[in-house]
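Notes to accompany the following structure.
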Amino acid sequence: MINIDHPQVYIYSYQLEREILEREISKDPSSIKVWADKLWQYFNQDSPQDFNSIYSSSELNPTLGNPQKFSKTTKSSREIVGSFRFARLDDSIGMLTRVGSPENHENTNLEVTTIQDFNPQNLTCSPNYKSWLGQTILITAKIPNYTKSDIQQSNDQSNKQPDKKPDKKLQELANDVIKNLFANIPYPPFYRATELFNSPIFEYSSPQSQLQVFVYFLDDSSGDQLGNTLQPVFELFYHRHKITKAFLDSQNIYSQAQKFYECVEITIATLEKKLKATQDNYSAELKDDTKQLFQDNLNYQRTLQTLQKFENTVNIHIYNYQQKLAEIAAKSQLQLEDLTTFNLFSDRTAPYIQRHIQADLSYFKHGTDLITTAIASIRGIVEIEQAERERENQIDAKDKYDRQNTADKNLQDQIQAVGVGIAAGAIVSSTSGLITQPWSISTNKLPHPFIIASFLSISCSLGAWYIAKTWIQHKRKSNENR
Amino acid sequence: MSSTSILSEIYLAITTKPEILTPEFITGLTDQVLPLAKSDADNKSVAKAINDLYKQFTKVRDSIKALVRKSLDDFESETTPGHETVPNHYPQINELEQILKERIDKQAQQDKQNPAIDLLQP
Chain A
151 MINIDHPQVY IYSYQLEREI LEREISKDPS SIKVWADKLW QYFNQDSPQD FNSIYSSSEL
211 NPTLGNPQKF SKTTKSSREI VGSFRFARLD DSIGMLTRVG SPENHENTNL EVTTIQDFNP
271 QNLTCSPNYK SWLGQTILIT AKIPNYTKSD IQQSNDQSNK QPDKKPDKKL QELANDVIKN
331 LFANIPYPPF YRATELFNSP IFEYSSPQSQ LQVFVYFLDD SSGDQLGNTL QPVFELFYHR
391 HKITKAFLDS QNIYSQAQKF YECVEITIAT LEKKLKATQD NYSAELKDDT KQLFQDNLNY
451 QRTLQTLQKF ENTVNIHIYN YQQKLAEIAA KSQLQLEDLT TFNLFSDRTA PYIQRHIQAD
511 LSYFKHGTDL ITTAIASIRG IVEIEQAERE RENQIDAKDK YDRQNTADKN LQDQIQAVGV
571 GIAAGAIVSS TSGLITQPWS ISTNKLPHPF IIASFLSISC SLGAWYIAKT WIQHKRKSNE
631 NR
Chain B
50 MSSTSILSEI YLAITTKPEI LTPEFITGLT DQVLPLAKSD ADNKSVAKAI NDLYKQFTKV
110 RDSIKALVRK SLDDFESETT PGHETVPNHY PQINELEQIL KERIDKQAQQ DKQNPAIDLL
170 QP
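Line by line, the protein sequences are chains A and B. Going by the working numbering, the first sequence opens with residue 151, and the numbers climb by one from there. Going by the working numbering, the second sequence opens with residue 50, and the numbers climb by one from there.
Given below as structure tokens:
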């Protein structure tokens, strides 16, 4: 078994500031501050300050603040020291927590099991990291009896093999370190072995995991380089977690949007059925369903917009990640290709995430077309029905007009007949007195006076009738032409 | 740094890398520190004597300190001009999630009430 010197556990944790504020009030353990408070309470024996006061007194800048140190002596008289450093990065709070052995002679050649002391009651490795943006745990240790030339030689030998397997002994040691830190809780699977600043580093994670663990067997030189790149590495992990979290959240929205889309399909299918059935309350139901469809369309657009926002977030943080990678390379005077540990994420994982979100977006754009078509179809159907109704109304109105016209004409006929009757009656009554008049000889050539009177009366009535009729017709025509 | 840490530093240098200690520094150690270490003086006093010696021999001090492993606490965080990042605000999704969930639940409830009707069937 290989022993280790001065093991340290560095925990890089990030959470959106608005979520910290929301959860802090209810002492929700998924708040990064609640987690840190518990850790501080356990490890801090010397400082009279509580966590909230050290957090409040820290100026939250984009660069990491001064370390707020703590220390504790365990039951086995082993001293454990550590610190908290805080930073505000955009809309998030980042914390760098250290838990480890003091850098003195007493803490050399230690058994790997001593790492268990760094995670008492699983306080250090919080299971709540899924509620955060993410967490990177970097475990560093120096290997006393395993010199750099040994490692180099071992790596050279392994690199000659086609599959470039990492040094078995170091791999086993890294596995032991992980097992001892995550004693009773699950930990991510081994992902890959690389070299960082010429020292071996083992990563336990997966490209889309919010928890990333590194076991880094460093020496003085690589330790210095890690220290000199403290800030860009801290920010690099932040951008990595923002990309991963944005991807996971976009997947969550995608799966909900899929279920939501099924609801929209059902609404459209219901509409189709109702259109075919043409029930009595059809129009009211059509109105309700159309309202629902409009509402769905609005929410669907919002979903798409959110997916686009995630795409934008991913793109920006990929750029930021590459910026930090370039900064690390510049500070450590290395080429980007030498930073394999970090650049595989930007070279392979990030493009995959970008493509995935783009594919999700294009899939849902078809959905928008379907809803828009459905709404346009309903609009068309409603317009056709409205036109039909208007036509029916016109026919009804014409029928009514015709009926009225006939009635008017009948009335006119009646009035005319009554007029003729009255005129005839008046003629008879005015001439009836002449019936008894004797026929005069001198006027024998002329007809009887009654006949003459009746003839003249009828002639006058007919003349008056003709004049009145002509005048009424003329007046009606001029009214119609108006 | 605590008094025991300084003592450990000197111990580490003597036992692992004695060549970094110059004769003058060794003389200082034997003349100023050793008598105190032998006496009943506490660790704090011995550490103070070593610190005084460090002030006289800064080069040796730096070599001794380099022997000791540093943690990231000992490094300043610095930004490098020219590597600025683009700010971005993380999308707010809680409200949208709530709306989608309500609609999905509503549909599920309707499906439960009318299980026999499969509206998606032609």
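A virtual CB, placed ideally from N, CA and C, is assigned to each residue, including glycine.
Alpha carbon to alpha carbon, how far is residue j from residue i? Give it in angstroms, no decimals.
i        : j        : result
Gln307/A : Glu345/A : Reliability fails at Gln307/A, whose pLDDT of 49 lies under 50, so the model's placement of it is uncertain and the value that follows must be treated cautiously. Their backbone Cα atoms lie some 15 Å apart in a straight line.
Arg168/A : Pro179/A : 15 Å
Val159/A : Gln451/A : 45 Å
Leu145/B : Phe514/A : 16 Å
Gln159/B : Ala407/A : 19 Å
Gln165/A : Lys97/B  : 43 Å
Leu102/B : Glu172/A : 53 Å
Leu484/A : Lys474/A : 13 Å
Asp399/A : Glu68/B  : 58 Å
Pro157/A : Phe384/A : 19 Å
Thr263/A : Val327/A : 8 Å
Pro72/B  : Ala90/B  : 25 Å
Cys413/A : Arg152/B : 8 Å
Gln321/A : Asn334/A : 21 Å
His516/A : Thr523/A : 11 Å
Ser355/A : Ile287/A : 10 Å
Ile545/A : Asn555/A : 15 Å
Gln147/B : Ala547/A : 53 Å
Leu425/A : Asp438/A : 13 Å
Thr107/B : Leu61/B  : 17 Å
Glu540/A : Ser607/A : 56 Å
Arg529/A : Asn543/A : 21 Å
Phe124/B : Leu380/A : 7 Å
Leu116/B : Leu246/A : 25 Å
Glu174/A : Phe201/A : 13 Å
Ser405/A : Thr518/A : 16 Å
Pro339/A : Trp190/A : 29 Å
Gln587/A : Ser580/A : 14 Å
Under three-state DSSP, which class holds residue i?
i        : result
Val135/B : coil
Ile351/A : strand
Glu345/A : strand
Leu489/A : coil
Tyr450/A : helix
Ile153/B : helix
Leu85/B  : helix
Ala90/B  : coil
Gln587/A : coil
Ser580/A : helix
Ile335/A : coil
Glu477/A : helix
Ile142/B : coil
Phe106/B : coil
Ser604/A : helix
Leu596/A : coil
Asn309/A : Only weak support exists for where Asn309/A lies, its pLDDT of 45 falling under 50; the coordinates are left without a value.
Thr71/B  : coil
Asp317/A : coil
Gln483/A : coil
Pro130/B : coil
Asn163/B : coil
Glu542/A : helix
Could you round the C-beta distance between residue i and residue j to whole angstroms and report it? I think they count as a contact, below 8 Å.
i        : j        : result
Leu121/B : Gly377/A : 6 Å
Leu331/A : Asn257/A : With a Cβ gap of about 16 Å, Leu331/A and Asn257/A do not count as contacting.
Lys183/A : Leu273/A : Incorrect: roughly 14 Å between the Cβ atoms, too far for contact.
Thr453/A : Phe410/A : 7 Å
Lys319/A : Asp155/A : Actually they are not in contact, since the Cβ atoms of Lys319/A and Asp155/A sit about 16 Å apart, beyond 8 Å.
His138/B : Asp241/A : 5 Å
Val289/A : Val365/A : Here residue 289/A is Ile; the residue named in the question, Val, does not match the sequence. At roughly 5 Å, the Cβ-Cβ gap stays under 8 Å, so Ile289/A and Val365/A are in contact.
Phe460/A : Pro136/B : With a Cβ gap of about 16 Å, Phe460/A and Pro136/B do not count as contacting.
Ser206/A : Gly215/A : About 12 Å; that fails the 8 Å criterion.
Does at least one heavy atom of the ligand ATP sit under 7 Å from the Cβ of residue i?
i        : result
Ile617/A : You won't find the ligand ATP in this model; it holds no ligand whatsoever.
- Query: Hey, is the segment 333-345 of chain A in contact with the segment 490-499 of chain A, meaning 3+ C-beta pairs nearer than 8 Å?
  - Reply: yes
Quick test of the definition: if touching needs 3 or more C-beta pairs under 8 Å, does the segment 273-284 of chain A touch the segment 356-367 of chain A?
yes
key: Residues of the segment 132-143 of chain B with Cβ closer than 9 Å to any Cβ of chain C, in chain order   = Here chain C cannot be found, since the structure's protein chains are A and B.
- Is there contact here, the segment 365-381 of chain A with the segment 500-511 of chain A, by at least three beta-carbon pairs under 8 Å? no
task = Please go through the segment 152-200 of chain A and give each complete beta strand (DSSP E) segment of 3 or more residues, from N-terminal end onward.
result = You should have 155-166.
Query - Length at least 3, wholly inside the segment 212-300 of chain A: the beta strand (DSSP E) runs in chain order - result: The qualifying runs are 218-223, 229-239, 242-250, 284-292.
_Segments of 4+ residues assigned as alpha helix (DSSP H) that fall wholly inside the segment 337-411 of chain A_ = 370-378
Could you tell me whether the segment 191-203 of chain A touches the segment 421-428 of chain A, using the rule of 3 or more Cβ pairs below 8 Å? The segment 191-203 of chain A and the segment 421-428 of chain A do not touch, with fewer than 3 CB-CB distances between them shorter than 8 Å.
Would you say the segment 70-85 of chain B touches the segment 597-617 of chain A, given that touching needs at least three Cβ pairs under 8 Å? no
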